[in-house]
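So the sequence shown is residues -24 to -1, 1 to 115, counted in mature numbering (1 follows the signal peptide of the UniProt record, and there is no 0). Contents: one structure, followed by commentary.
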Amino acid sequence: MKKIAIISLASGFFAFAIFNSALAQVNPNPNNITIANPGVGYTNISDFINAAVRLAFIIALIAVLVMLVWGAIQWIFSGGEKEAVAAARGRIINALIGLAILAVAFAIVSLAGSFLGLDILKPGGFNIPSPDFPTPPLK
């Protein structure tokens, strides 16, 4: 009974100690709230396209690596069965074909960028001109 009382008092003490730490986070001026980074930071469509192309290449490369590892693990755990080894070999070959397609796509994008004077894979490497609309006169 004495142990239960000591444990209850100690847990109650620590519970109140934890609650007081929440008071340290009070905002002194709740009406002046600023958001550090409210958007994604793209100011024009070319930055968005650039980020999308780079993200697509990164996702494709990760998918190729996952398929290679999956095929290798499938090969290791095949246990010598011909069907399982053939499935693992097919998965690895398909991943390598995907890697070759990814390399060719990267080369085409880089080559097209060098011919056009653009660098699509570098942030700010190309700009899509936006129309200049005249500002309406003030009345």
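Virtual Cβ for every residue (Gly too), placed ideally from N, Cα, C.
CB of residue i within 8 Å of CB of residue j, strictly
i     : j     : result
Ala39 : Gln50 : no
Ile68 : Gly55 : no
Leu44 : Ala71 : yes
Straight-line gap, residue i to residue j (C-alpha atoms, nearest Å)
i        : j        : result
Leu78    : Val29    : 12 Å
Ala60    : Ala83    : 35 Å
Ile96    : Val80    : 15 Å
Ile35    : Ala88    : 21 Å
Leu41    : Lys98    : 23 Å
Leu31    : Val85    : 14 Å
Lys58    : Ile52    : 12 Å
Arg65    : Ser(-14) : 59 Å
Leu(-16) : Met(-24) : 12 Å
Extent of the continuous alpha helix (DSSP H) to which residue i belongs
i     : result
Leu94 : Element bounds for Leu94: n/a, residue is neither H nor E.
Met43 : 21 to 52
Assigned exposure category for residue i - 16 Cβ within 10 Å defines buried
i     : result
Ser22 : buried
Residue of the options minimising C-alpha distance to residue i
i     : options                : result
Leu37 : Ile73, Gly93, Phe91    : Ile73
Leu94 : Asn26, Glu57, Ala(-15) : Asn26
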